[in-house]
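Student:
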Amino acid sequence: PRRSACPCRAASRLSVVAAMSDDPIKEWILTEGKATQITGTSSIGGGCINAAQRYDTDAGSFFVKTNRRIGPAMFEGEALGLKAMYDTKSIRVPLPYKVGSLPTGGSFIIMEFIQFGRSRGDQSALGRKLAEMHKSAKSDKGYGFYVENTIGSTPQINTWTADWIEFYSKHRLGYQLKLISQRFGDSAIYEKGQRLIEKMHLLFDGAVIEPCLLHGDLWSGNISADANGDPVILDPACYYGHNEAEFGMSWCAGFGGDFYSSYFEVMPKQPGFEKRRDLYLLYHYLNHYNLFGSGYRSSAMSIIDDYLRMLKA
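Just so we're aligned: 116 in this note's numbering is position 111 of the sequence shown, and the numbers increase by one with no gaps anywhere.
(1) Among T93, G86, T109 and G110, which one has its Cα closest to the Cα of P101?
(2) Would you identify the three-state DSSP class for Q42, choosing helix, strand or coil?
(3) Applying the 10 Å Cβ sphere with the 16-neighbour rule, what's the burial state of I49?
(4) My parser needs the beta strand (DSSP E) runs of 3 or more residues fully inside the stretch 237-313; what are they?
(5) For the beta strand (DSSP E) containing K321, name the first residue and the last one.
(6) Just to confirm, is the Cβ distance from A250 to W224 under 9 Å?
(7) Quick check on K150: does DSSP put it in helix, strand or coil?
(8) Rounded to the nearest angstrom, what separates G110 and T71 at their Cα positions?
(9) Got a sec? Which residues, its chain only, sit under 8 Å from N55 by beta carbon, not counting five neighbours each side?
(10) Which residue comes first and which comes last in the beta strand (DSSP E) that contains A56?
(11) Measure the C-alpha to C-alpha separation of S304 and L286 and round it to an integer number of angstroms.
(12) In chain order, what residues of the same chain have a beta carbon less than 7 Å from the beta carbon of D222, not counting five sequence neighbours either side?
(13) Let's see if you can read the secondary structure: which residues bound the alpha helix (DSSP H) around E81?
(14) Is the stretch 105-125 touching the stretch 141-149, taking contact as three or more C-beta pairs under 8 Å?
(15) The alpha helix (DSSP H) spanning Y195 covers which residue range?
(16) Name the two residues that bound the continuous beta strand (DSSP E) containing Q161.
(17) Quick one: Cα of Y180 to Cα of N163, how far?
(18) In whole angstroms, what is the alpha-carbon distance linking F209 and K280?
(19) Quick check on DSSP: helix, strand or coil for L316?
(20) Please determine if the stretch 188-195 and the stretch 293-304 are in contact, where contact requires at least 3 C-beta pairs separated by less than 8 Å.
(21) Closest by CA to E203, which one among M79, F172, I228 and A230?
(22) For G226 versus A130, is the C-beta spacing smaller than 9 Å?
(23) What's the C-alpha gap between T62 and H247?
(24) By DSSP's criteria, M116 is part of a beta bridge. Which residues make up the other side?
(25) Do the CB positions of F118 and G82 come within less than 9 Å of each other?
(26) What did DSSP end up calling A230 once you bin it into helix, strand or coil?
(27) When the Cα atoms are used, what is the spatial distance from V98 to R125?
(28) Look at the Cβ atom of A57, then the Cβ atom of F68, and state whether they are nearer than 9 Å.
(29) Could you tell me whether the Cβ atoms of Y245 and L178 are closer together than 9 Å?
(30) So, for K183: in the same chain, excluding its five sequence neighbours on each side, which residues have a beta-carbon less than 8 Å away from its beta-carbon?
(31) Grab the span of the alpha helix (DSSP H) containing L184 for me, first residue to last.
(32) Would you call the CB atoms of Q161 and A232 closer than 9 Å?
(33) Can you tell me which of the three DSSP states L219 falls into?
(34) Does L167 pass the burial test, meaning 16 or more other C-beta atoms within 10 Å, or should it be called exposed?
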């Protein structure tokens, strides 16, 4: 009887290993995640691109995002961005643990679970902590990032470039305008956008520009606070760029006067800030046009037309 029991136990162990390998998320949690038991999972909704779940275990909770259509490159870019921001020891971000492929197609990312508080936190603290991140994390490689990543589901080109105006012209506004022309055949906004690109260097007279680490997609859905009320930012589209570009989603971020006052105490406002503000909004309006359609066209075109009048282009 003792001999006959051994193959059964061996078969049982094999079946457990096989079951775990069919679910790489559980496999990581129960090995490298140092948990011995998953006590529950719950959906946290996610956005329009990814699904999100909380995994509760005897070793704590984990936050997991999955995408059934897109490979791991998108989450690898997110993980690199999260780790770069985490390493600044300034503003709180979830620490990424693991990125991988799903056996049925798609990909996942496992990261630290942060228990959010009941409010979005203190605007002054958010401005100060964000400025501390910008001030502490600079690049000696220029403007760009170590990998291409995504803004929403749109590719974000991060080829290292020595000059900010060249980078923003080519890899931000120019790239979005090219996508709009290809997808919608909108030659009017493309041609006007190119005229703006040719003249936009005039908006930077007197500004001192350094390549700072940016979150890159800072809107209200990516801003929260932990249980202690300290600000938390998540779901980045990181790159090294002009710090003012961080405010490009301010039209749906809810930044108030306290935010900007605290921010500029740490990172002083540069000459021409008010003139450049809409230039950084434009990138995100163009991206929303590409992602969600022509409902965002008028906002983007209005910004372009205003600049063309200002710059007499």
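Using N, Cα and C, we set each Cβ at its ideal position, and we do this for glycine too. Keep in mind that this is a model prediction, so the values were computed, not measured.
Tutor: Judging by the given coordinates:
(1) G86
(2) Three-state result, Q42: coil.
(3) exposed
(4) 244-246
(5) Any answer about residue 321 is impossible in this case: the structure gives the chain only from 6 up to 318.
(6) no
(7) Here the sequence assigns Phe to residue 150, which means Lys is not the residue at that position. Coil, per DSSP.
(8) Using only the alpha carbons, I get a separation of about 10 Å.
(9) Taken in chain order, the residues that qualify are K70, T71 and N72.
(10) A56 to T62
(11) If you take the alpha carbons of S304 and L286, they lie about 10 Å apart.
(12) I156, D240, P241, A242 and M254
(13) A78 to Y91
(14) no
(15) S192 to K204
(16) T159 to Q161
(17) Going by the C-alpha atoms only, they are around 11 Å apart.
(18) 9 Å
(19) coil
(20) The stretch 188-195, when compared against the stretch 293-304, does touch it at the 8 Å Cβ threshold.
(21) F172
(22) no
(23) Their Cα atoms are separated by approximately 41 Å.
(24) In DSSP, M116 forms a bridge with F68 and P101.
(25) no
(26) strand
(27) 14 Å
(28) yes
(29) no
(30) Within the same chain, K183 has close Cβ partners Y195.
(31) Y180 to F189
(32) no
(33) strand
(34) For clarity, residue 167 is Ala in the given sequence; the question names Leu instead. Burial call: exposed.
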